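Protein chains in written order, with the working numbering: chain A, 1 to 213; chain B, 1 to 213. We put the beta carbon where it would ideally sit given N, CA and C, even for glycine. Quantities reported herein were computed from a predicted structural model and do not represent experimental measurements. Some notes on the structure that comes next.
2 protein chains.
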Amino acid sequence: MLSHELIVDTALRLVGQHGAEALTVRRLGTALGADPSAVYRYFHSADDLLLAVAEELIARAQHGWRATGDWRADLREIGLRIHASYRAHPQAALLAAHRTTGRAHEIAAVEAILGVLRDAGFPDPEAVRIYHAFVDQSLGFAVLDAAALALPAAAQSADLRVWHAAYGRLDAAANPHIAATAHLLAADMRRSGYPFALELLLDAAEARLAATR
Amino acid sequence: MLSHELIVDTALRLVGQHGAEALTVRRLGTALGADPSAVYRYFHSADDLLLAVAEELIARAQHGWRATGDWRADLREIGLRIHASYRAHPQAALLAAHRTTGRAHEIAAVEAILGVLRDAGFPDPEAVRIYHAFVDQSLGFAVLDAAALALPAAAQSADLRVWHAAYGRLDAAANPHIAATAHLLAADMRRSGYPFALELLLDAAEARLAATR
DNA sequence: TGTGCTACGTCAAGGGCGTTGACGTAGCCT
DNA sequence: AGGCTACGTCAACGCCCTTGACGTAGCACA
Chain A
1 MLSHELIVDT ALRLVGQHGA EALTVRRLGT ALGADPSAVY RYFHSADDLL
51 LAVAEELIAR AQHGWRATGD WRADLREIGL RIHASYRAHP QAALLAAHRT
101 TGRAHEIAAV EAILGVLRDA GFPDPEAVRI YHAFVDQSLG FAVLDAAALA
151 LPAAAQSADL RVWHAAYGRL DAAANPHIAA TAHLLAADMR RSGYPFALEL
201 LLDAAEARLA ATR
Chain B
1 MLSHELIVDT ALRLVGQHGA EALTVRRLGT ALGADPSAVY RYFHSADDLL
51 LAVAEELIAR AQHGWRATGD WRADLREIGL RIHASYRAHP QAALLAAHRT
101 TGRAHEIAAV EAILGVLRDA GFPDPEAVRI YHAFVDQSLG FAVLDAAALA
151 LPAAAQSADL RVWHAAYGRL DAAANPHIAA TAHLLAADMR RSGYPFALEL
201 LLDAAEARLA ATR
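See the structure below:
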């Protein structure tokens with residue numbers, strides 16, 4: 001017996017276990033032990049299923065989160081949770097991160113973030129702008145990082161090798177700045193740029209809050 | 001007579017005119033007046049073609065750019081150009097933004113950005129970290145904004161309406177922060193969050209630079 | 001001028017994908 | 001007992017990427 005919940009869970013598991021290309025209606029059907037077309041009894045289309053997956057990702061990111069009263073720590077935690085949740089399911093994240101679902105868990109997340117900012121003392125217009133920058137930055141990095149993870153294994157290792165192979169052997173006269181930092185670049189590009197970018201955003205927000213007072 | 005250049009240009013035009021789904025080898029072949037398989041004489045795979053498209057987007061973003069010596073202005077200009085270039089071809093951006101091409105124009109862009117940061121006085125490790133955050137922030141927002149633009153018109157207006165329809169009519173007791181800022185949210189979410197997020201990043205970088213000295 | 005090689009494009013096919021509508025079938029309500 | 005509904009299957013349509021065998025036109029060189 002199928003259900004919305006079982007299908008969404010199976011879709012996420014499929015993506016988590018078999019990576020990139022696994023999320024197709026046909027394979028989903030096989031994983032469910034049912035005919036692929038049975039999925040259409042529960043979701044109007046693959047896109048409809050995707051919105052449900054997006055909502056589930058948001059739910060998992062928020063699960064168990066509590067405000068501590070320290071707005072920087074709270075925002076950092078939310079950001080890292082969103083980032084981690086989407087990275088855990090790269091293929092789904094790629095397709096789902098830019099959709100506005102308007103459903104319960106998304107609403108709860110918006111309310112939580114706005115609450116942290118307004119309680120911290122940001123005036124409403126500033127709170128909204130920072131909310132917007134914060135959310136889209138988190139999702140943007142999540143999509144970018146998820147996309148890298150979702151690549152076929154061949155393309156993925158090729159992308160990484162480029163930083164050593166192509167950038168490590170450039171003419172120092174033509175590209176002095178790359179040549180001077182090639183080893184730092186190769187090391188840094190292996191990690192996500194998100195945590196550092198998040199700290200920069202929090203730094204800038206804090207400076208603005210101080211200036212407001 | 002086909003050529004790499006003709007195929008890439010046609011691919012971009014195809015995507016610009018007919019949307020995301022138009023970029024298939026079959027349609028590309030038709031648009032070129034040739035058999036789809038002819039494309040494989042010039043590109044190893046559809047993925048290979050994609051990298052060429054990505055490279056072309058970078059080239060267009062950088063075209064005509066010159067450093068002014070004002071690092072904030074220079075970085076801002078580069079960021080806005082990248083963002084604009086990808087937004088001009090949303091469907092291609094979606095597929096290409098997260099790829100590392102390792103080719104000429106990408107290398108030139110990396111060299112330019114690192115140059116601006118190092119000439120501004122950032123120590124090498126800091127320059128690399130800020131480079132990483134800056135580039136991925138720009139690309140991340142570009143992908144997110146491109147994704148919104150690439151949606152079918154129906155889904156696009158539906159996503160926007162959600163901010164008025166769903167978020168504008170929530171119970172004020174259950175979601176006080178959304179209720180208090182609903183009008184600001186609806187207005188702000190119509191625009192890209194990138195310009196403001198970029199200023200935050202530049203603010204934070206400047207503060208770090210001042211602290212270094 | 002004739003021969004052969006190369007670059008280019010075509011053709012046909014294989015295997016995967018989302019989606020649909022007709023078709024059974026099991027369980028429930030009356 | 002009859003009928004209705006929910007659910008899953010089946011077969012098919014049309015799209016997709018990719019491949020290998022096949023022509024063909026033009027050039028290099030004898």
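Give the DSSP-derived three-state secondary structure of A/Trp65 in the structure shown.
Position 65 of the first sequence, counted from the first residue, corresponds to residue 65 of chain A. Coil at A/Trp65, not helix or strand.
Cα-Cα, which of A/Ser192, A/Leu23 and A/His132 is closest to A/Phe46?
Residue mapping note: residue 46 of chain A aligns to position 46 of the first sequence, counting from 1. Contrary to the premise, residue 46 of chain A reads as Ala rather than Phe in this sequence. Ranking the options by Cα distance to A/Ala46, first place goes to A/Leu23.
List the residues of chain B whose Cβ lies closer than 9 Å to the Cβ of A/Thr181, in chain order.
What you label residue 181 of chain A is simply residue 181 of the first sequence in a count that begins at 1. The answer, in chain order, is Leu114, Arg118, Asp124, Pro125, Ala127, Val128 and Tyr131.
Along the chain, where does the alpha helix (DSSP H) containing B/Tyr86 start, and where does it finish?
Looking up residue 86 of chain B in the second sequence gives position 86. That run of the alpha helix (DSSP H) goes Trp71 to Ala88.
Going along chain A, which residues have a C-beta under 9 Å from B/Leu184?
In the second sequence, the residue the question calls residue 184 of chain B occupies position 184. The answer, in chain order, is Asp124, Pro125, Ala127, Val128 and Arg129.
Just to make sure I have the definition right: I need the residues of chain A whose C-beta is within less than 7 Å of the C-beta of B/Met189. Which are they?
Within the second sequence, numbered from 1, the residue matching residue 189 of chain B stands at position 189. Here the neighbours are His132.
By DSSP, does B/Tyr42 sit in helix, in strand, or in coil?
Indexing the second sequence from 1 puts residue 42 of chain B at position 42. If DSSP states are grouped into helix, strand and coil, B/Tyr42 belongs with coil.
Could you run through the segment 39-53 of chain A and flag, in chain order, every residue whose CB is less than 9 Å away from some CB of chain B?
Cβ contacts with chain B come from Asp47.
Assuming A/Tyr167 is part of the alpha helix (DSSP H), what are its boundary residues?
The residue labelled residue 167 of chain A in the question sits at position 167 within the first sequence. Where A/Tyr167 is concerned, there is no enclosing alpha helix (DSSP H), given that its DSSP letter is neither H nor E.
Would a check of beta-carbon distances place B/Val162 closer than 8 Å to chain A?
One-based indexing of the second sequence puts residue 162 of chain B at position 162. It does: the Cβ of B/Val162 has a partner Cβ on chain A nearer than 8 Å.
Take the Cβ of B/Asp145 as the centre, count every other Cβ of all protein chains shown within 10 Å, and call the residue buried at 16 or more, exposed below.
What you label residue 145 of chain B is simply residue 145 of the second sequence in a count that begins at 1. Buried: at least 16 other Cβ atoms inside 10 Å.
Determine whether the Cβ of B/Asp203 lies closer than 8 Å to any Cβ atom of chain A.
For the purposes of this step, residue 203 of chain B is taken as the residue at position 203 of the second sequence. It does: the Cβ of B/Asp203 has a partner Cβ on chain A nearer than 8 Å.
Within the same chain, show all residues whose beta-carbon is closer than 6 Å to that of B/Arg72, passing over the 5 residues directly before and after it, in chain order.
Against the second sequence, residue 72 of chain B aligns to sequence position 72. Closer than 6 Å at the Cβ level, and outside the excluded window around B/Arg72, lie Leu202.
Excluding the 5 residues preceding and the 5 following A/Leu50 in the sequence, name in chain order all residues of the same chain whose CB lies nearer than 8 Å to its CB.
Position 50 of the first sequence, counted from the start, is the residue given in the question as residue 50 of chain A. Excluding residues within five positions, the ones whose Cβ falls inside 8 Å are Ala92, Leu95, Ala96 and Arg99.
Given a cut-off of 8 Å, decide if A/Arg118 and A/Ala127 are closer than it, judged by their beta-carbon atoms.
Counting from one through the first sequence, the residue named residue 127 of chain A turns up at place 127. Counting from one through the first sequence, the residue named residue 118 of chain A turns up at place 118. For A/Ala127 and A/Arg118, yes; Cβs fall inside 8 Å.
Provide the residue span of the alpha helix (DSSP H) that contains B/Ser138, from first to last.
To locate residue 138 of chain B, count along the second sequence from 1; it is residue 138. Looking at the DSSP string, the run of the alpha helix (DSSP H) that includes B/Ser138 is Asp124 to Ala150.
According to the neighbour-count rule (16 or more other Cβ atoms, all chains shown, within 10 Å of its Cβ), is B/Gln137 buried or exposed?
Along the second sequence, read from residue 1 onward, the residue named residue 137 of chain B stands at position 137. Under this definition B/Gln137 is a buried residue.
Buried or exposed: which applies to A/Asp74, given that a residue is buried once 16 or more other Cβ atoms fall within 10 Å of its Cβ?
Stepping through the first sequence from its first residue, residue 74 of chain A is reached at position 74. The residue in question, A/Asp74, is buried, as its Cβ has 16 or more Cβ neighbours within 10 Å.
Taking all protein chains shown into account, do 16 or more other C-beta atoms lie within 10 angstroms of the C-beta of B/Met1, making it buried, or fewer, making it exposed?
Reading the second sequence from its first residue, position 1 is the one you call residue 1 of chain B. Exposed.
Are there three or more Cβ pairs, one per stretch, closer than 8 Å when the segment 171-186 of chain A is compared with the segment 185-198 of chain B?
No: fewer than three Cβ pairs fall under 8 Å.
Taking the alpha carbon of A/Val135 as the point to measure from, which residue in A/Ala61, A/Asp9, A/Ser157 and A/Ala52 has its own alpha carbon closest?
Along the first sequence, one-based indexing puts residue 135 of chain A at 135. Measuring from the Cα of A/Val135, the nearest candidate turns out to be A/Ala61.
Can you tell which of A/Arg27, A/Ile58, A/Ile82 and A/Arg81 has its C-alpha closest to the C-alpha of A/Gly102?
Indexing the first sequence from 1 puts residue 102 of chain A at position 102. Among A/Arg27, A/Ile58, A/Ile82 and A/Arg81, the Cα nearest to that of A/Gly102 belongs to A/Ile58.
Quick check on A/Val143 - is its C-beta less than 8 Å from some C-beta in chain B?
In the first sequence, residue 143 of chain A corresponds to position 143, counting from 1. Yes, its Cβ sits closer than 8 Å to a Cβ of chain B.
Locate the alpha helix (DSSP H) running through A/Ala180, then write down its first and last residues.
Within the first sequence, numbered from 1, the residue matching residue 180 of chain A stands at position 180. Pro176 to Asp188 is the extent of the alpha helix (DSSP H) around A/Ala180.
If you run the structure through DSSP and keep just helix, strand and coil, what is A/His105?
Here the question's residue 105 of chain A lines up with position 105 in the first sequence. A/His105 falls in the helix class under three-state DSSP.
DSSP three-state label for A/Gly214, please.
The first residue shown for chain A is 1 and the last is 213, placing residue 214 of chain A beyond what the model contains.
Which of the three DSSP states, helix, strand or coil, is assigned to B/Thr212?
In the second sequence, residue 212 of chain B corresponds to position 212, counting from 1. Three-state result, B/Thr212: helix.
Can you tell me which of B/Ala179, B/Arg191, B/Phe196 and B/Arg26 puts its alpha carbon nearest to the alpha carbon of A/Gly115?
Here residue 115 of chain A refers to the residue found at position 115 of the first sequence. Checking every option, the nearest Cα to that of A/Gly115 belongs to B/Ala179.
Against chain A, with Cβ distances strictly below 8 Å, would B/Leu209 count as a contact?
Counting from 1 along the second sequence, the entry for residue 209 of chain B is found at position 209. No, its Cβ sits nowhere closer than 8 Å to a Cβ of chain A.
Does any residue of chain A bring its CB to less than 8 Å from the CB of B/Gln91?
Here the question's residue 91 of chain B lines up with position 91 in the second sequence. Chain A contact via Cβ: absent.
At a Cβ threshold of 8 Å, is B/Thr212 touching chain A?
Start at 1 with the first residue of the second sequence, and residue 212 of chain B comes out as number 212. Not one chain A Cβ lies under 8 Å of B/Thr212.
Using a beta-carbon distance cut-off of less than 9 Å, what residues from the segment 163-174 of chain A approach chain B?
Here the close residues are Trp163, Ala165, Ala166, Tyr167, Leu170 and Ala174.
Measuring straight from C-alpha to C-alpha, what distance separates A/Val110 and A/Gly69?
Mapped onto the first sequence, residue 110 of chain A falls at position 110. Mapped onto the first sequence, residue 69 of chain A falls at position 69. Straight-line Cα distance between these residues: approximately 17 Å.
Mind checking whether A/Ala52 and A/His89 have CB atoms under 8 Å apart?
By 1-based counting over the first sequence, the position of residue 52 of chain A is 52. By 1-based counting over the first sequence, the position of residue 89 of chain A is 89. Their beta carbons are not under 8 Å apart, which means A/Ala52 does not touch A/His89 by this criterion.
Cβ atoms of A/Ala204 and B/Leu200: under 8 Å apart, would you say?
By 1-based counting over the second sequence, the position of residue 200 of chain B is 200. By 1-based counting over the first sequence, the position of residue 204 of chain A is 204. Yes, Cβ-Cβ distance for B/Leu200 and A/Ala204 is below 8 Å.
In angstroms, rounded to a whole number, what distance separates the CA positions of A/Ala148 and A/Gln156?
Here residue 148 of chain A is taken as the residue at index 148 of the first sequence, counted from 1. Here residue 156 of chain A is taken as the residue at index 156 of the first sequence, counted from 1. Distance between the alpha carbons of A/Ala148 and A/Gln156: 6 Å.
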